[in-house]
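Quick note on this note's numbering: the sequence shown kicks off at 811 and runs consecutively. Every residue, glycine too, gets a C-beta built ideally from N, C-alpha and C.
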Amino acid sequence: MSIECAILGLLSKHPYSGYDLKKIMEKSDFMPWSGNNNQIYKALVTLLNEGYVTTKTVHNDGSPSKKIYQVTTNGLDKLQKWIKSAPGVPDFKNPFLVQLLFADQLEHPALMELLQAYENEIRLRIALHNEKRKRETGAAPVTRLQGLLTESIHDNILSAYQSELLWICKLQLTLSEPIHSNKENKMNYIVNEQNNQKYLELFSAQAPIATEQDAVDIAALCWENNTERIIIQEQALSEDFFRLKTGVAGGILQKLTNYHIKTAFLISPEKVNTGKFKDMAAESSRSNQFRIFEDKETAKQWLLA
């Protein structure tokens, strides 16, 4: 893929100055160029010499004049030929993976610090991308198809970041010391399978689930059994889980959500309707990651949907 074709594509949507093109490429999450002046203006000179673009100077009162570039008919033909050419496959070269390749030389705390730093960076990228997406939502697309394709590109980028986040969280979980000594709290569960989908059902724990580390252990249990779905019965939960002021439920639910563990809690009506827990149960009905149910069949239907 050449930067010249990308520039022709941008100019096919709207005439731009070299500075405008530079800014677009700098802000892009998927264009593989830094957008530095040398790249942009060298490509524009090539396109101009080959007759694929034209230029005109626009004079503005009180501000410097701008050289605006427009795509020509020949330029559109070249763009069409490139769009129809064989698509390139993603490039998975990642500098962090090179660091990770030699990270066995680090002490365990330093290794975990490195992994946490990468997780933080991915979370920041997700937040920035979501913010950018919100800003762009207000701009009406030229055509409905363009709007659909733009949304699809955003989905692709977000999916890649989320996949990377899930991977780094799993790696931290695998390498964390508590996981290697997870015999302190024995969990009683069975592995079920329905419609070719596995899920765990957790009945009880030697020490009732009460900490974020317990949630981490549940995630590890799921991954060990090649699933990301679980039903947790009331008997496995500590009493503090139902007392929202303790923060136990919030911490556990956040961890399970971070690790993409789809969780159905099977809780009796008496517990569901206790104090403020009733409000949380009602709010959970809108969540795609966890919900609270009073009967197992309904819980299974949602979990496997």
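query                                                                                                                                                                                          : result
Within the same chain, show all residues whose beta-carbon is closer than 7 Å to that of Trp843, passing over the 5 residues directly before and after it, in chain order.                     : Ile813, Met835 and Gln849
With DSSP as the reference, identify every bridge partner of Ala1014, one or two as the case may be.                                                                                           : A quick correction: the sequence has Ser, not Ala, at residue 1014. Ser1014 pairs with Asn998.
Please report how far the alpha carbon of Ala1092 lies from the alpha carbon of Asp1027, in whole angstroms.                                                                                   : 27 Å
Do Gly819 and Leu889 have their beta-carbon atoms positioned less than 8 Å apart in this structure?                                                                                            : yes
What first and last residue would you give for the beta strand (DSSP E) that runs through Arg1101?                                                                                             : Phe1100 to Phe1103
Looking only at its chain, what residues have a beta carbon closer than 7 Å to the beta carbon of Ala1074, apart from the 5 residues adjacent to it on each side?                              : Ile1041, Arg1101, Phe1103, Ala1109, Trp1112 and Leu1113
Measure how close the beta-carbons of Gln972 and Phe1013 come, nearest whole angstrom, since I'm counting them as under 8 Å.                                                                   : Actually they are not in contact, since the Cβ atoms of Gln972 and Phe1013 sit about 31 Å apart, beyond 8 Å.
Do you know whose CA, among Thr1056, Asn904, Cys815 and Leu955, lies nearest Ser895's CA?                                                                                                      : Cys815
Tell me whether Ala816 sits in a helix, a strand or coil according to DSSP, three-state version.                                                                                               : helix
Which value, in whole angstroms, describes the spacing of the CA atoms of Pro825 and Thr867?                                                                                                   : 12 Å
If you reduce the DSSP assignment to three classes, tell me which class Tyr1069 lands in.                                                                                                      : coil
Please go through the same chain and pick out, in chain order, the residues whose beta-carbon is closer than 8 Å to the beta-carbon of Lys1081, but skip the five residues on each side of it. : Glu1044, Phe1052 and Phe1087
With burial defined as no fewer than 16 other Cβ atoms inside 10 Å of the residue's Cβ, what is the status of Lys832: buried or exposed?                                                       : buried
Counting pairs of beta carbons, one from the stretch 998-1010 and one from the stretch 980-987, are three or more of them closer than 8 Å?                                                     : no
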